[in-house]
Amino acid sequence: MSVCMRYAKDREEAEELVNDSFMKVFKNQKEFLPDKVEPLKAFRSFLKRVLINTSIDRYRANIKFAMNQSLDEKHDNIAHTEANAFDGLVYEELIGLVQKLSPAYRTVFNLYVIDGFSHDEVAKKLGISEGTSKSNLSKARVKLQEMVKNVNREIYERYA
Numbered sequence: 016m017s018v019c020m021r022y023a024k025d026r027e028e029a030e031e032l033v034n035d036s037f038m039k040v041f042k043n044q045k046e047f048l049p050d051k052v053e054p055l056k057a058f059r060s061f062l063k064r065v066l067i068n069t070s071i072d073r074y075r076a077n078i079k080f081a082m083n084q085s086l087d088e089k090h091d092n093i094a095h096t097e098a099n100a101f102d103g104l105v106y107e108e109l110i111g112l113v114q115k116l117s118p119a120y121r122t123v124f125n126l127y128v129i130d131g132f133s134h135d136e137v138a139k140k141l142g143i144s145e146g147t148s149k150s151n152l153s154k155a156r157v158k159l160q161e162m163v164k165n166v167n168r169e170i171y172e173r174y175a
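Numbering (the numbering used here), first residue to last: 16 to 175.
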C-alpha cells in the first residue's frame, strides 16, 4: 500500500492500484522465479515492481485526461529554499504533500527520488524525453518546498 500511496492522488486510488497489482500477480504468477536462497526477498522485489508498473500504467491511461502544465509556469521563478525544508515533517504528511502534486510531477518524483530510477529510465517508462523528466523533477521539488513552507508557516502561526 505504501508504494501505491506515493503514486496515487488519494487512498481510494491507492487501494485500486493495490487490487489491480495483486490481480496481475495472481494472473502472472508463472513469471515469478523465486530465489532458492531468499524466496521472500525475491517475492517482495517482484511485487514492488508490479506495484510500480501498475501505477505507471494507470498514469499513462489517465495522462490524456490530466491537465497538462506548461513548462512556462510561474513556478520557474521561485527561489530555492534550504535543503532541510523537510525537517520536522512526518512520513504521512510528506506523502500527503506528494499526493497533491500534479500526476506528471508526482510520478517523476516518485520514480527518481524514492524508487531510484535514472532520468533515462524514467523517460523510457513514461514515454517522455529525459529533459522533460529533469524539468518535472525540478518543478516537483520547488512545488514541494512551497507546500512545506506553507505547512510550516501555518504551524508557526497556530502556536505563535
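Glycine residues also receive a C-beta, built at the ideal position from the N, C-alpha and C atoms. These numbers come from a predicted model, not from an experiment.
Proximity below 8 Å, CB of residue i to CB of residue j
i	j	result
ALA29	MET20	yes
HIS134	LYS154	no
LEU109	SER70	no
LEU112	VAL163	yes
LEU116	LYS158	yes
TYR74	THR122	yes
Where residue i falls: helix, strand or coil (DSSP)
i	result
ILE143	coil
HIS90	Only weak support is given to the placement of HIS90: the predicted model assigns it a pLDDT of 42, under 50, and the value that follows is read from those uncertain coordinates. Helix at HIS90.
ASN43	coil
ARG24	Checking the sequence, you will find Lys at residue 24 rather than Arg. Three-state DSSP puts LYS24 in coil, outside helix and strand.
PHE132	coil
GLU53	coil
SER150	helix
ILE78	coil
Outcome for residue i when other beta-carbon atoms lying within 10 angstroms are tallied against a minimum of 16
i	result
TYR106	exposed
ARG26	exposed
ASN151	buried
ARG59	exposed
ARG168	exposed
LYS140	buried
ALA76	exposed
SER36	buried
PRO118	buried
Inter-stretch contact at 8 Å, needing at least 3 Cβ pairs: the region 117-131 / the region 63-78: Counting Cβ pairs under 8 Å, three or more are found: they touch.
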